[in-house]
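J.:
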Amino acid sequence: MSDINNDLELFNELAKVLLEDEKNNPVADRIDAEDLYATLDLSLNDNGIADADFKNVMTEVIEATPKTATNLFFNQLFGGRQGKAVFGDLLAVMLNNSMYTYKVAGPQVGIELEIIHKSCEMIGYGKTSSGTFPTGGSMSNYMALIMGRDAADPKFRNEGKGKNLLAYASVESHYSNAKNASFAGIGRNNVRYIETDDLGRMNPVKLDEQIQKDIADGHTPAFVNATAGTTVLGAFDPIDAIADVCEKYDSIWFHVDGAYCGGAMFSAKYKHLLKGVDRSDSFSYNAHKMLGTPLTCSIILVKDKKYLSGSFSNDAEYLYQTDGDEFNLGKTSFQCGRRNDALKFWTLWKSLGTNGLEKIIDQQFILADVARDYVRNNSDYQLYSFDDSISICFNYKGIDPDVLCTALYEEKETVVGFGNFREDTFIRLVTINGTNEPEDLLNFFKVLEDFVANNPALVGLDSSVFEA
Ligand SMILES: *Cc1c(COP(=O)(O)O)cnc(C)c1O
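Number 70 in the numbering used here belongs to position 69 of the sequence shown; there are no gaps in the numbering.
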């Protein structure tokens, strides 16, 4: 049996290896998927291995794993590393509570509730509000849809069928809406995708027209999902105008999906982008996106908590043996056993204060302005995204974005992805790493430009040529 103290020492040692490696190799050596098992010893065998061999294997695995915390990772809607949040998550692993009851989680329950109550207060939900920590933004959308379904048709949960329910989201909304409709028994074909305006925001007039048509056809509109920060463009749907539409129809649950940019609620300068969120029935945001906590940390807030317990509580005598429902969080969660995702966000918030969180958010918008200005002021670039967004979408010298992103990744230059809006495809640079500085963004463009200068064949290539 190994002593945990030795394991913790090894952990510290390897964490230092990782931090050093991030400085020297901000983009990890890429291993082709088909070569993976031949390159690294990932095999599981009858016999264990000696400590020294274990350490060697772990070092190789660490060095080969994509590095998401460095200043050359821009691929996804998370990045960087907030030290106090990492600290909280490591502690959550050591404490290893399950969040379903006060009996086994104690003060950790209070920590989770404090984040929920404080967040509710900040977005203007009243005293009857509450929330929970689902496994991510997709699950938050799912829980919202289930509450919407049960509110529109209370028999549905027992009968497994019911009214012809419909869900609405914009064409730019997150793909989880389609999957969730299938899981909820509503059906993928019963999601109506509403057109956006030229800036990628849901058009509330089109939403209203569609709802009226559907009611005339005998359907029951149950759920509207507005997005605060669409996955590609980072656009904010007009929440107030959508709330005006939803309030006209009794059966509609109005959810705001702020997984990507709901964190703007922490910024005095940018919270206007969420104006009207207090009129929603539920709102979710991912602290593992804008707030920089380790994956995953997603929060759903519900204006009237009776819907949360209505849809998600189940009696279980073996489990709920002490304390009131308020402190037995399993009564309002999707899971039974549940990881402590709250502590890492709480340690960050506690140490920096709300003002510190605001700085993290504002920094992302500052970096976005730097990147957008750079693209705007350089005629080799074409800009496809808009102000008030931390997604900067562009193309460089007319190079196919798929070709360029893949080449940058395979050549270990930088990790960035591409997306599309309407008929355009472009590189999507995300300034979500609040630990970056403006120089890091300027360095990104330099890396990209130097790479193209050294690979002149890229200009004029399209992906079909590249693949052939
Ligand atoms: C990232 C994202 C989600 C999904 O969140 P996960 O935590 O990855 O499941 C949902 N909606 C939007 C708008 C997102 O950007």
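Backbone N, C-alpha and C define an ideal beta-carbon position, used for all residues, glycine too. The structure presented is a predicted model; accordingly, all values stated were derived computationally and were not measured.
Out of 391, 396 and 392, point me to the one whose CA is closest to residue 384's CA.
T.: Here the closest residue by C-alpha is 396.
J.: If we count the other Cβ atoms within 10 Å of its Cβ and call it buried at 16 or more, is residue 128 buried or exposed?
T.: exposed
J.: Let's test the definition: count the other Cβ atoms within 10 Å of the Cβ of residue 124 and tell me whether it reaches 16, buried, or not, exposed.
T.: buried
J.: Tell me the residue span of the beta strand (DSSP E) that contains residue 383.
T.: 382 to 384
J.: Please report the distance separating the alpha-carbon of residue 415 from that of residue 347.
T.: 32 angstroms
J.: Using the C-alpha atoms, what's the distance from residue 149 back to residue 281?
T.: 12 angstroms
J.: Considering only C-alpha positions, which residue in the set 422, 245, 266 and 306 is nearest to residue 234?
T.: 422
J.: Assuming residue 263 and residue 229 make a contact with CB atoms under 8 angstroms, what is their CB distance in whole Å?
T.: 5 angstroms
J.: Quick check: what's the CA-CA separation for residue 254 versus residue 418?
T.: 34 angstroms
J.: Heavy atom of ligand 1 less than 7 angstroms from the Cβ of residue 78, yes or no?
T.: yes
J.: Decide if residue 256 is buried, meaning its Cβ has at least 16 other Cβ atoms within 10 Å, or exposed.
T.: buried
J.: Can you tell me which of 155, 409 and 101 puts its alpha carbon nearest to the alpha carbon of residue 312?
T.: 155
J.: Using C-beta distances below 7 angstroms, list every residue in its chain close to residue 450, excluding the 5 sequence neighbours before and after it, in chain order.
T.: Its chain contains no residue whose beta carbon lies nearer than 7 angstroms to that of residue 450 once the 5 sequence neighbours on both sides are disregarded.
J.: Whose C-beta lies closer than 7 angstroms to the C-beta of residue 152 among residues of the same chain, with five residues either side of it excluded?
T.: Leaving aside the five residues that flank residue 152 on each side, the residues in its chain whose CB is nearer than 7 angstroms to its CB run, in chain order, 254 and 308.
J.: Could you please give me the residues that DSSP links to residue 229 through a beta bridge?
T.: Note: residue 229 sits in a beta bridge opposite 237.
J.: Can you name the residues that DSSP bridges to residue 256?
T.: 226 and 283
J.: Compute every distance between the C-beta of residue 293 and the non-hydrogen atoms of ligand 1, then say whether any falls below 7 angstroms.
T.: no
J.: Helix, strand or coil for residue 132? Go by DSSP, reduced to three states.
T.: strand
J.: Going by the CB atoms, is the gap between residue 80 and residue 393 shorter than 8 angstroms?
T.: Contact check for residue 393 against residue 80 fails: the beta carbons are separated by 8 angstroms or more.
J.: Are residue 73 and residue 445 closer than 8 angstroms when you measure CB to CB?
T.: In this structure, residue 73 sits near residue 445, with a CB-CB distance shorter than 8 angstroms.
J.: Taking the CB atoms as reference points, tell me whether residue 103 and residue 328 lie closer together than 8 angstroms.
T.: Contact: yes.
J.: Tell me the DSSP secondary structure of residue 425 in three-state form.
T.: Residue state, collapsed to three classes: strand.
J.: Around the C-beta of residue 468, are 16 or more other C-beta atoms found within 10 angstroms, so that it is buried, or is it exposed?
T.: Because the pLDDT of residue 468 is 49, which lies under 50, any placement of that residue in the model is unreliable, and the number read from its coordinates should be weighed accordingly. By the neighbour-count definition (other C-beta atoms within 10 Å, threshold 16), residue 468 is an exposed residue.
J.: State the Cα-Cα distance for the pair residue 426 and residue 5, rounded to the nearest angstrom.
T.: 50 angstroms
J.: Please classify residue 67 as buried or exposed, where buried requires at least 16 other C-beta atoms within 10 Å of its C-beta.
T.: exposed
J.: In whole angstroms, what separates the C-alpha of residue 291 from that of residue 361?
T.: Note on geometry: alpha-carbon atoms of residue 291 and residue 361 lie some 8 angstroms from one another.
J.: Under 8 angstroms, do residue 29 and residue 61 count as touching if we go by C-beta distance?
T.: Taking 8 angstroms as the Cβ cut-off, residue 29 and residue 61 do not qualify as a contacting pair.
J.: Considering only the alpha carbon of each residue, which of 49, 287 and 100 lies closest to residue 339?
T.: 100
J.: Counting Cβ pairs closer than 8 angstroms, one from the segment 241 to 249 and one from the segment 205 to 212, do we hit at least three?
T.: yes
J.: Which complete alpha helix (DSSP H) runs does the segment 391 to 441 hold, if anything under 4 residues is left out?
T.: You should have 402 to 411.
J.: Any heavy atom of ligand 1 closer than 7 angstroms to the Cβ of residue 138?
T.: yes
J.: What's the gap between the Cα of residue 409 and the Cα of residue 310?
T.: 48 angstroms
J.: Distance check for residue 3 and residue 42, CA to CA, integer angstroms please.
T.: 22 angstroms
J.: Check the C-beta distance from residue 137 over to residue 299 and give it rounded, since I have them as a contact under 8 angstroms.
T.: 5 angstroms
J.: If you compare alpha carbons, which of 283, 55, 178 and 370 is closest to residue 232?
T.: Measuring from the Cα of residue 232, the nearest candidate turns out to be 178.
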